[in-house]
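Input: a single structure, listed below in structure tokens.
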Amino acid sequence: KGLIDEFSYASVKNGSMLTAVSWDTGKTFQARITEISSFPASKDEYKMEESKNPNVSYYPFSAVIVDTMVDVQAGERVNIGFDGISQKLFLPLAYLRSEGSTSYLYIRNEKGRLEKRYVTTGQSLYNTVIEIKEGLTTEDYIAFPYGNNIREGANTVISKDAAGIIY
21 KGLIDEFSYA SVKNGSMLTA VSWDTGKTFQ ARITEISSFP ASKDEYKMEE SKNPNVSYYP
81 FSAVIVDTMV DVQAGERVNI GFDGISQKLF LPLAYLRSEG STSYLYIRNE KGRLEKRYVT
141 TGQSLYNTVI EIKEGLTTED YIAFPYGNNI REGANTVISK DAAGIIY
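When we follow this note's numbering, the leftmost residue of the sequence shown carries the number 21, and every step to the right adds one.
In structure tokens form, the structure reads like this:
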């Protein structure tokens, strides 16, 4: 359950996807909107937070998590981005490497081999995840960048047991 502001209300519909990042674990997951109220929430229905503008109306919504491998607890706080409106891609900081001031990841290329991919980063949330602004899509497979066989050109295998982690 969450709230959507009046500026995004017209753009989000039942069936729209959202991306959430857990404040507690830094895990990112996808959910599908199942219901959006047609009436704004009263101030008594939600706790006003610092980030909420008291001059803006907020509409309650419900969503169902579609990622089967994610472990989210009831009451866990998350940052939410609505796909197509404020699509942001976040990754755990451990996946990011750097050369001087330039950041990169290891991804699986179309030949099934590791490739170094330079990325542009944005904000970091709670020093656990970082926004990837350019250089990566949600379709890319990312390798954990530490280990004996992590080098460009190494063969990759997509794990069936660990939510797409490449070994």
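Ideal Cβ positions, reconstructed from N, Cα and C, are used throughout, including at glycine.
Buried or exposed by the 16-neighbour rule on C-beta atoms within 10 Å, applied to residue i
{"i": "Gly120", "result": "exposed"}
{"i": "Tyr138", "result": "exposed"}
{"i": "Val98", "result": "buried"}
{"i": "Glu172", "result": "exposed"}
{"i": "Ala94", "result": "exposed"}
{"i": "Ala30", "result": "exposed"}
{"i": "Thr176", "result": "buried"}
{"i": "Thr48", "result": "buried"}
Identity of the residue in the options nearest residue i by Cα
{"i": "Ala40", "options": "Val177, Lys63 and Asp87", "result": "Asp87"}
{"i": "Glu159", "options": "Ile85, Leu134, Asn129 and Ser62", "result": "Asn129"}
{"i": "Ile152", "options": "Thr122, Leu109 and Asn34", "result": "Leu109"}
{"i": "Ile178", "options": "Thr48, Lys136, Val32 and Gly132", "result": "Gly132"}
{"i": "Ser144", "options": "Leu111, Ser28 and Phe27", "result": "Leu111"}
{"i": "Lys33", "options": "Phe102, Val92 and Val90", "result": "Phe102"}
{"i": "Glu55", "options": "Phe49, Lys63, Thr48 and Leu38", "result": "Leu38"}
{"i": "Ile170", "options": "Ser62, Thr157 and Lys136", "result": "Lys136"}
Neighbourhood of residue i by C-beta, 6 Å cutoff - its chain only, sequence neighbours within 5 removed
{"i": "Ser36", "result": "Ile53"}
{"i": "Thr148", "result": "Gly46"}
{"i": "Gly5", "result": "Only positions 21 to 187 of the chain appear in this structure, which leaves residue 5 out of reach."}
Beta-carbon proximity of residue i to residue j, cut-off 8 Å
{"i": "Ile150", "j": "Thr141", "result": "yes"}
{"i": "Ile100", "j": "Gly22", "result": "yes"}
{"i": "Leu125", "j": "Leu113", "result": "no"}
{"i": "Leu134", "j": "Ala83", "result": "no"}
Contacting residues, own chain, Cβ-Cβ under 7 Å from residue i (five flanking each side not counted)
{"i": "Glu96", "result": "Ser42 and Asp44"}
{"i": "Val92", "result": "Ser42, Phe49 and Ile85"}
8 Å Cβ shell around residue i - same chain, five flanking residues per side excluded
{"i": "Pro60", "result": "Glu26, Ser77, Tyr78 and Tyr79"}
Distance between beta carbons of residue j and residue i, contact taken as under 8 Å
{"i": "Ile162", "j": "Phe81", "result": "Their Cβ separation, rounded to whole angstroms, is 30 Å, which puts Ile162 and Phe81 out of contact at 8 Å."}
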